[in-house]
Amino acid sequence: MNLYLLRHGAAAKRGAPGYVNDADRPLTDEGREKLRAAARAVKAMELKFDRILSSPCQRARQTAEIIADSLHLAGRIEFSDHLAPDGKIDALIQQLQRFRPKPENVLLVGHEPCLSELASILMTGKTGLPIKLKKAGLIRLSADSLRPGACAELDWLLTPGLMKLMR
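Per our numbering, residue 630 is the first one in the sequence shown, and the count goes up by one each step.
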């Protein structure tokens, strides 16, 4: 299985007027622009996703929608509380293990530090691996079988700046 971890784009600041709940903060114009560049890069790399799983927070939803729309996968986004900022990584791994049929390529759209911790747990079996996933950044991990603990390898990490250069 290939897991693609995409951090949401830049969002309205915490406590910004009109957004009482953190989960309601939308993407900024800059965030949308960087994600459009990420979507172009995903298309240029000819990436395909069997499943798209997103945090239910507004900024992650919008991020997933931009990518899904660019790949003509609108309406195929699933939501998981395990990808929310306070999500449980073990529960997320269990959710991924239950997917049937087993997907080859899954896009996970979420937040930091959850995504970096997920990558760390899958690569080393513990948290703490110093991975810095920027907003609108994308990681690809590959794993023969998904489980907590040193089951995945890091294939690549793309920053928004690198994706902007890809056409």
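A virtual CB, placed ideally from N, CA and C, is assigned to each residue, including glycine.
{"query": "Look at the alpha carbon of glutamate 662 and the alpha carbon of arginine 669, and state the distance between them as a whole number of angstroms.", "result": "11 Å"}
{"query": "According to DSSP, which residues form a beta bridge with glutamate 707?", "result": "Leu682"}
{"query": "Where do the ends of the beta strand (DSSP E) carrying arginine 636 lie?", "result": "631-636"}
{"query": "In terms of DSSP beta bridges, what is glycine 739 paired with?", "result": "Arg636"}
{"query": "Look up glutamate 782 in the DSSP assignment and give the residues it is bridged to.", "result": "Ser771"}
{"query": "Under 8 Å, do alanine 689 and valine 649 count as touching if we go by C-beta distance?", "result": "no"}
{"query": "Where do the N-terminal and C-terminal ends of the alpha helix (DSSP H) with arginine 665 fall, by residue?", "result": "658-673"}
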